[in-house]
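*Asks:* The sequence shown lines up with residues 1 to 179 when you count with full-length UniProt numbering.
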Amino acid sequence: MNAKSVLMNIIFDKMLKLSPAARAKTSAGEFVNMVTTDVNRIRFFWFRLNEFIYSPLNIGFCFILLFIVLGHCAWYGVLTVFLFVPLNAYAAELQSKFEEKQMEFKDARLKLMSDVLSGIKVLKLYAWEPPIQKRIAQLRERETTELRKANYIGIGLMESSFTMCPILATIACFVAYTL
1 MNAKSVLMNI IFDKMLKLSP AARAKTSAGE FVNMVTTDVN RIRFFWFRLN EFIYSPLNIG
61 FCFILLFIVL GHCAWYGVLT VFLFVPLNAY AAELQSKFEE KQMEFKDARL KLMSDVLSGI
121 KVLKLYAWEP PIQKRIAQLR ERETTELRKA NYIGIGLMES SFTMCPILAT IACFVAYTL
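(1) If you check the beta carbons only, do K4 and R41 fall under 8 Å apart?
(2) Give the straight-line distance between the Cα atoms of K25 and Y90, rounded to the nearest whole angstrom.
(3) If I'm right that C173 touches F84 with Cβ under 8 Å, what's the distance once you round it to whole angstroms?
(4) Could you give the C-beta distance for Q102 and A137, rounded to a whole number, given that I count them as a contact under 8 Å?
(5) Grouping DSSP H, G and I as helix and E and B as strand, with all else coil, what is T26?
(6) Which complete alpha helix (DSSP H) runs does the region 19-80 hold, if anything under 4 residues is left out?
(7) Any heavy atom of the ligand MN closer than 7 Å to the CB of F63?
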């Protein structure tokens with residue numbers, strides 16, 4: 001929680017020091033997005049840092065043990081694992097594309113909400129609530145559609161790939177070992 005507070009403080013300090021020209025280039029939605037989404041990404045990176053360090057060592061150690069036990073038949077399992085790498089890379093790229101679109105819609109919606117809140121008197125005076133509500137609902141629907149697509153890719157393709165890969169690698173090793 002401390003890291004999140006520090007990062008949010010840094011963003012707010014930087015936001016206050018921006019020149020008016022620089023502030024005009026960045027919408028309020030982008031600032032809110034930085035504070036909510038990007039700060040959490042950076043925070044979770046620190047929690048996952050040890051996985052980046054120890055995972056290659058773990059994988060290497062497991063492959064060595066696999067080669068000791070199975071001999072040359074272990075290559076079939078390794079090959080099966082490497083065949084899934086392009087599929088996972090494609091799925092991650094697709095998911096990232098949908099998340100970027102979702103963030104664009106989220107930024108637009110947050111900018112509109114900020115504009116609505118700053119000009120609420122004018123909005124009420126001219127009775128523009130229904131068209132503004134409709135516009136916000138449209139942006140929210142587009143945002144959730146992209147989020148849904150990203151989740152379908154993440155859950156459907158990537159999770160099934162992560163589940164199938166070790167099973168198929170094990171089957172490949174057993175088949176090669178028994179033949």
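Here a beta-carbon is modelled for each residue, glycine too, at the ideal position from N, C-alpha and C.
*Replies:* So, from the listed chains and residues:
(1) The sequence position of residue 4 within the sequence shown is 4, counting from 1. The sequence position of residue 41 within the sequence shown is 41, counting from 1. Contact: no.
(2) Your numbering for residue 25 matches position 25 in the sequence shown. Your numbering for residue 90 matches position 90 in the sequence shown. Between K25 and Y90, the C-alpha separation is close to 33 Å.
(3) Here residue 173 corresponds to residue number 173 of the sequence shown, with the count starting at 1. Here residue 84 corresponds to residue number 84 of the sequence shown, with the count starting at 1. That belief does not hold up - the Cβ atoms of C173 and F84 are roughly 15 Å apart, past 8 Å.
(4) As a first step, residue 102 must be located in the sequence shown, where it is residue number 102. As a first step, residue 137 must be located in the sequence shown, where it is residue number 137. About 16 Å separates the two Cβ atoms, so there is no contact after all.
(5) Here residue 26 is taken as the residue at index 26 of the sequence shown, counted from 1. Note: T26 maps to coil in three-state DSSP.
(6) 20-25, 28-33, 39-70
(7) No copy of the ligand MN appears in this structure; indeed no ligand is present at all.
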